[in-house]
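Undergrad:
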């Protein structure tokens, strides 16, 4: 049996209140996109070694998948489904009511379908480093400006902090969780040492 | 001329697959440089070689990630040569071993 090469993309909102789910799958014959052949969808994420499932009576209906759609997420090729954290549960435990905590995520979309000759479900997992709060914290780093005694070393280290955060994001995208955690631990130590407090995860 | 983790050849037609491989190569090297810095007990330790190259690789990776549609083959040749230069410096003189690429997205 062949496999439909499902491909998703995840983009976290700047203030971590949601993420956009994009469907980058090239739906082409013999599996051209046909909403009637999509039977159900399951969205899960792993955060801090706990698996959370998106609770919905009918995720297909919630995503609005119908005859006008060109992919799983909408009627335009760059359409997105906005996912909020309050829908994710591990049993009775909600991930969070308002924001996605910073950290390493494995987000998986599973699609049951009736395309003949293809395995069901079609599955794709996206590895993501959600760091919205850390980015905002890093943007608040103070640098005292004294033109007669400019602190070049501190200036370099503050630029370094931003570069480290970007590297952590890429580490997650490559599935390198260990490196992601090493880099973000160092960044948090750096921010703590400069008394930059958490913004929404206090 | 062969170079890079995926035997990317200079002066060649940059296919979508090769561009994707180069982007992942650059992300990998950036992560290794950042991890090397993170393992230092004190950021005040000498990190110049790592810091400057991390900045450089961040810019290269940004360019590939955000602006690849406006880049031409000669631009990819240049960015690939930058990647190889920094990678080789760290492999030869700083003891970093660039591991096999972990394919995920």
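Protein chains in written order, with the working numbering: chain A, 9 to 210; chain B, 45 to 149.
A virtual CB, placed ideally from N, CA and C, is assigned to each residue, including glycine.
(1) For residue 66(A), tell me which candidate among 107(A), 14(A), 51(A), 113(A) has the shortest Cα-Cα distance.
(2) Compare the Cα-Cα distances from residue 107(B) to each of 63(B), 56(B), 128(B) and report the closest residue.
(3) Within 10 angstroms of the Cβ of residue 200(A), are there 16 or more other Cβ atoms? Answer buried if so, exposed if not.
(4) Quick check: what's the CA-CA separation for residue 130(B) versus residue 53(A)?
(5) Evaluate the contact criterion for the region 149-165 of chain A versus the region 83-94 of chain A: three or more CB pairs, one atom per stretch, below 8 Å.
(6) Check for me: the beta strand (DSSP E) holding residue 14(A) runs from which residue to which?
(7) Of the residues 123(A), 172(A), 15(A), which one's Cα is nearest the Cα of residue 76(B)?
(8) Going residue by residue through the region 9-88 of chain A, where are the continuous beta strand (DSSP E) segments of at least 3 residues, counting only ones entirely within it?
(9) So, using beta-carbon positions, are residue 109(A) and residue 209(A) closer together than 9 Å?
(10) From this set, 139(A), 203(A), 163(A), 176(A), which residue's C-alpha is nearest residue 22(A)'s C-alpha?
(11) Terminal residues of the continuous alpha helix (DSSP H) containing residue 75(B)?
(12) Please confirm whether residue 68(A) has its beta-carbon closer than 9 Å to some beta-carbon of chain B.
(13) Output the distance between the C-alpha atoms of residue 78(B) and residue 184(A), rounded to the nearest integer angstrom.
TA: In short, the structure shows the following:
(1) The residue you call residue 66(A) lines up with position 58 of the first chain. Checked all of 107(A), 14(A), 51(A), 113(A); the closest Cα to residue 66(A) is 51(A).
(2) Translated into positions along the second chain, residue 107(B) becomes position 63. The shortest C-alpha separation from residue 107(B) is found at 63(B).
(3) To locate residue 200(A), count along the first chain from 1; it is residue 192. Residue 200(A) counts as exposed, since fewer than 16 other C-beta atoms from the protein chains shown sit within 10 angstroms of its C-beta.
(4) As a position in the second chain, residue 130(B) is number 86, starting the count at 1. As a position in the first chain, residue 53(A) is number 45, starting the count at 1. Their Cα atoms are separated by approximately 36 Å.
(5) no
(6) On the first chain, position 6 is the one that residue 14(A) refers to. Per DSSP, residue 14(A) belongs to no beta strand (DSSP E) and is neither H nor E.
(7) Numbered from 1 along the second chain, position 32 holds the residue referred to as residue 76(B). It is 172(A) whose Cα lies nearest to the Cα of residue 76(B).
(8) Positions of the beta strand (DSSP E) runs, each at least 3 residues long and wholly inside the region 9-88 of chain A, are given as 16-20, 27-31, 46-55, 58-62 in order along the chain.
(9) Taking the first residue of the first chain as 1, we reach residue 109(A) at position 101. Taking the first residue of the first chain as 1, we reach residue 209(A) at position 201. The answer is yes: Cβ separation under 9 Å.
(10) To locate residue 22(A), count along the first chain from 1; it is residue 14. The residue with the shortest Cα to Cα distance from residue 22(A) is 139(A).
(11) Start at 1 with the first residue of the second chain, and residue 75(B) comes out as number 31. Residue 75(B) -> alpha helix (DSSP H) spans 60-82.
(12) In the first chain, counting from the first residue as 1, residue 68(A) sits at position 60. Residue 68(A) does not count as touching chain B.
(13) Position 34 of the second chain holds residue 78(B). Position 176 of the first chain holds residue 184(A). Each residue's Cα considered, the two are about 12 Å apart.
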